[in-house]
Amino acid sequence: ARTCLNGDLNPDTHDLPLRANTNHILVRHYVLDLTVHFDRKVISGVAILFLEPCSGVRSKPEDDIGPGAIERDATIAADTMEDSTKGLGKTTTRMEKMLDAKESSRAEFVGLSRVRMHTASKTKIIQASHLWETTSDSDFTLVLDCCDLDVSKVEEVDVMSVSAMSNLPLEVACESSAVSSVSQQAAFIQKLVSMPSSKWREKHQLFLLCSRAPGAQDRSSLHFNRDQWSLHVRKKSITSPQEFPRVIRIFYETRPTGGSVRWTTDQDNRVCVYTAGSPINNRALFPCQEPPVAMSTWQATVRAPSECVVLMSGEEQAVPIEDGDTRFLIWNYYVTMPMPASTFTLAVGHWYRTTRSDSTCCYSPLVDEGLSVTDYSSMLDDAISCSHGDYPCRFTEQSTRSQRVIPHRVFGPVCFLQKAQMGILKLLPQCLAAAHAVLGVHPFPRLDVLIVPTGFSSLAMASPHIIFLSQSVLCAATPGSGDNSLSLCGSRMCHEIAHSWFGLVIGARDWTEEWISEGFATYLEDIIWAQAQQLSLQETAEQSELKALLRWRRLSDELQNSEEELQILRPNMENTGQVSESGSTMVKHALNPDKTFMQVHYLKGYFLLRFLANQVGEQQFIDFFRLFVKKYHGQLILSQLTSDQLVMLLELLLEESELSVATMRALQRTYNLHNQDAEVRHRWCELVVKHAYTQGYKDVEHYLLHDQAMGVYLYGELMVHEDPKQQALARRCLSLVQEEMDQSARRVVEEMVL
C-alpha cells in the first residue's frame, strides 16, 4: 500500500494508484457544471469542491504508512447555524456567465506553462500553473485523483460574498472583529456540510449559491500541477489542511480519448457518450477523491444538445429546462446519500423511452402486475437503528417498507424498443418486487435502465439509480413465445438489482475486495430470480444446482488458464484495507487487461456464500442478509475478521477433533496469526498444541516468553498431551523465564511442568 506522492505507476504491476490524501482532507460535496460537446468529443467542466480537513495530520503528504484514523476537525466550527434560506432563489445567473468562465479559462489555459521535469521517482509533471514553482514542499498539498483532463485554472471561492450568507449569523469561538474572514468561511462551510438531513433541500441550495460565488479577492488563484494520475493543488504559505481553503473551483476539459467516458454511436448510428465503467473510474471525467472512504454527495448540471436525453445517478427524474437562446437543454441531478465518487454515472444520447403496449404506467402498483410476493415489512429487523452518518435514509421511512416496486423507466435506441418492451419492461416489476421480498427496503427511490451501445464491454453495470444493460441480454423472443427466452435477461437484471444492496448502499472499503459486491450479487441473483419466477421449492433447488454446476465448470476452466496471482479472491491478503499515512493506496491488478475478463471474484465469492448457506440453511442465511443490510447500509465494510471474531473462530475450531496440517497452515497464513493481539495468539497456541502442529511451536515459545501474564495455562496444555516435544518445549521456556516470573505464577507452572 505504500505509494509516493509523485510516483508513476509501475507498468509491470498493473496496479492502479489512488493518490488522494483522504487522511488529510476530504471532499464532502461536489457541484459539477458540465457541458457536452459532441463536435469536439469533450466535456467542458467546472467542479466546485467543498472540503473538510481531518485533524491530527502533518502538512507533508510523503509520510510513512500508518493507520491514519480520520477524525473530523470541528474546532473552528460555529456552535449553531440558523436554518434561514431567505433569498436563496434570487441567484439564477448561469455560473459561466457570472464568472465569464469559458473565456477566462481558455485565455489562462493558453498561458499555462507546460513543463516536463523528473522528480526522484521520475514522474513527469504533465501540466502546471505558471506559479507552481513559487510554492514550497512545506506548503500543504491537496491531492486529487485526475487523469486525461486539461485543467486551466484552480481558484479559491469567496463564499462569504453570497448575499444569502448575511442571513446566516456565525457564532465562532472568538466573536470579536479580529476574527479573520478565513476563519469565518471555514466555520460557515463546516456548519453547511454538517446541516441535518431534514434540511437537505436548503443545504443543496446553499451549496449551489456558494458554487456561483466569485473567486476570493487577492488570493483566489491557487497553484497546481498534474502528473499522469493526480492533480496537486497548493496555496502559497498554507502549511496545514486546517488552513487550506474550504471551497475550491476547478476549470477543465476532458479529452476525446479519456478513459472515464466513451464517445461512440448507438445502434441507430447516432452519437452518444457514457461513463463506461472504466478501471480508472471517474478521474478522467472530473478531479475527485477516488478511494472509497471519500464518501460524498453531489449535484450536477449537465448541458447537452436539445435533442439528447441525459441520464445520471440522481434521486429524482430530471425535467430539462431551456438554456436561454442556445440549442442546449439543462438537466439537473443530485444525491443526498454520501457515496464514493466512482459511483457517479452519466449517459447522454438520443435515447428513447420504452412504454408499455397497454399504455399503463411503467411502475404500476404490484397488485396490477398479478404478482404474489411475500411481504416481509413487519420483520423484526425494522427495530435495528441505522449506524451510518446523517442523511435522508429510506430505511427509516415507513412508506418505503411496503414499496415493493420503485418507479422505473427503460431507455434505448429505437431499434431495440420492441425487445425492451417485451423483455426488460415485462420483467422489471417482477424482479424489483422479488428483490424487495428477499432483501427488504429498496435503497434507492427510482431506477432507470439503459440499453447501451454495442461496444459496452460487459453484460451490465449497476450504479445508483441507473443500470446499463447490454443488448446481448435482450430476448430474441417473439409475441407468444415462452418465458425461457427471458432467462438471461431476467437473471442479469436480478444480479444488477442486487447490487443496490451489495456494492452500492454497502460497499467495500478496499477495492480489491470486489467479491463483497460481485460474490454477493451472484449468489443473490439466483434467489431473486427464482422468487420473480414464482418457482416451487423443488424447481428452485433444481435451477440452483444447475447454475452451480455451470459456474463450477467456468471457474475450473478459468483457474486452469490464468495467472495464479489473478486467482486470489483477496489479493491484498492481510494488507487488505491498509493505506499510507496520507490515505493514498493502490488497487492491485486493477489495470491488468486479463483481469477484466476474469470472474474469480464473482465465482469464488458465490461458492463461499453457497457453502455458508448450506451450513446454516438458506432461509436463515437470507434472514441474516436482511439484518446485515439493515445494520450496515450506508457504510463501507471489509471481509477482514475482527479480533473478537478471530477468537470465536479459533475457539470453535478447538472443538474439532482433528485438523489437517494443510488447514493449520492455511489458518496461519490467511489470518497472519502470529501478528494478532494476545487473545487471538493464545487461542492459536492452544490450537497448535492440541493438533501438534510443529510448524507453530515457535509461536508457542514466543508467547510463553513474551506474554507471561496470559501464558500460564499453556504450560498445562503442553504437558497434558504427553508429547515429548511439547513437554520439552514447556521445560525449556520455563527455564528461560523462571527467574523473572511472578512467584505465584512460577509456583503454579512448576507444579504443572516439574
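For the sequence shown, position 678 (counting from the first letter as 1) is numbered 750 according to the working numbering, and the numbering increases by one without interruption. C-beta atoms are modelled at their ideal positions from N, C-alpha and C, and glycine is treated no differently. Quantities reported herein were computed from a predicted structural model and do not represent experimental measurements.
Starting from residue i, trace the alpha helix (DSSP H) both ways and give me its first and last residue.
i	result
P796	796-809
Q650	Where Q650 is concerned, there is no enclosing alpha helix (DSSP H), given that its DSSP letter is neither H nor E.
V420	Segment 418-421 is the beta strand (DSSP E) holding V420; no alpha helix (DSSP H) there.
P501	496-511
R564	559-570
R741	733-742
T426	T426 -> not in any alpha helix (DSSP H); beta strand (DSSP E) instead, spanning 424-426.
C465	Where C465 is concerned, there is no enclosing alpha helix (DSSP H), given that its DSSP letter is neither H nor E.
Q792	First, the residue type needs correcting, since residue 792 is Val and not Gln in the sequence shown. Counting along the chain, the alpha helix (DSSP H) containing V792 begins and ends at 784-792.
R116	Here the sequence assigns Ser to residue 116, which means Arg is not the residue at that position. Unbroken run through S116 is the beta strand (DSSP E), 114-125; no alpha helix (DSSP H).
S715	715-726
D582	Unbroken run through D582: none, as it is neither H nor E.
Which partner residues of residue i appear in the DSSP bridge assignment?
i	result
D217	S302, C360
H763	Bridge partners of H763: none, in fact.
W403	V374
P328	BP columns for P328 are empty, so no partner.
F540	L522, M533
D222	E325
I320	L121, E228
With DSSP run on the structure shown, which of helix, strand or coil describes residue i?
i	result
C458	coil
W370	strand
W335	strand
A817	helix
D151	Any answer about D151 is weak, because its pLDDT of 36 lies below 50 and its placement is not dependable; what the coordinates show is given next. Three-state DSSP puts D151 in coil, outside helix and strand.
L631	helix
K308	coil
M267	coil
L826	coil
E812	coil
V477	coil
S249	Caution applies to S249, whose pLDDT of 44 falls short of 50 and renders its modelled position unreliable; the value that the coordinates give is listed next. S249 falls in the coil class under three-state DSSP.
L45	The requested residue 45 does not occur in the structure, where the chain is confined to residues 73 to 826.
T353	The question names Thr, but residue 353 is Asn in the sequence shown. Three-state DSSP puts N353 in coil, outside helix and strand.
L438	Any reading at L438 needs caution, since the residue's pLDDT is 32, under 50, leaving its predicted position unreliable; the model's value is listed next. DSSP places L438 in helix when its eight states are reduced to three.
V482	strand
D771	helix
G287	strand
S201	coil
D520	strand
H295	strand
E394	strand
D209	coil
D598	helix
F574	strand
T94	coil
L621	helix
C344	strand
Out of the options, point me to the one whose CA is closest to residue i's CA.
i	options	result
D230	I320, S270, E823, Q199	I320
G562	K308, L609, V382, M494	M494
R741	L786, N647, P665	N647
Y678	L759, G655, Y595	Y595
L401	I120, E758, P392, V407	P392
L489	I600, V651, V521	V521
T426	Q799, L722, S535, K498	K498
Y102	K275, I115, S233, P268	K275
H295	L745, H480, S201	S201
Q371	F279, L607, T584	F279
R482	S233, Q389, E315, L786	Sequence inspection shows Val at residue 482; the Arg mentioned does not correspond to that position. Out of S233, Q389, E315, L786, Q389 has the C-alpha closest to the C-alpha of V482.
Between which two residues does the beta strand (DSSP E) harbouring residue i extend?
i	result
L90	88-90
F528	Per DSSP, F528 belongs to no beta strand (DSSP E) and is neither H nor E.
H109	97-109
M232	M232 -> no beta strand (DSSP E), and no H or E assigned at all.
A534	532-535
I640	Run containing I640: none; DSSP gives neither H nor E here.
V365	Looking at the DSSP string, V365 is not in any beta strand (DSSP E), and its letter there is neither H nor E.
V381	381-384
Would the C-beta of residue i count as close to the ligand ADP, meaning under 7 Å from any of its heavy atoms?
i	result
Q339	Among the ligands in the structure shown, none appear at all, so the ligand ADP cannot be discussed.
Whole runs of the alpha helix (DSSP H) within the segment 656-698, excluding any shorter than 4 residues: 672-688
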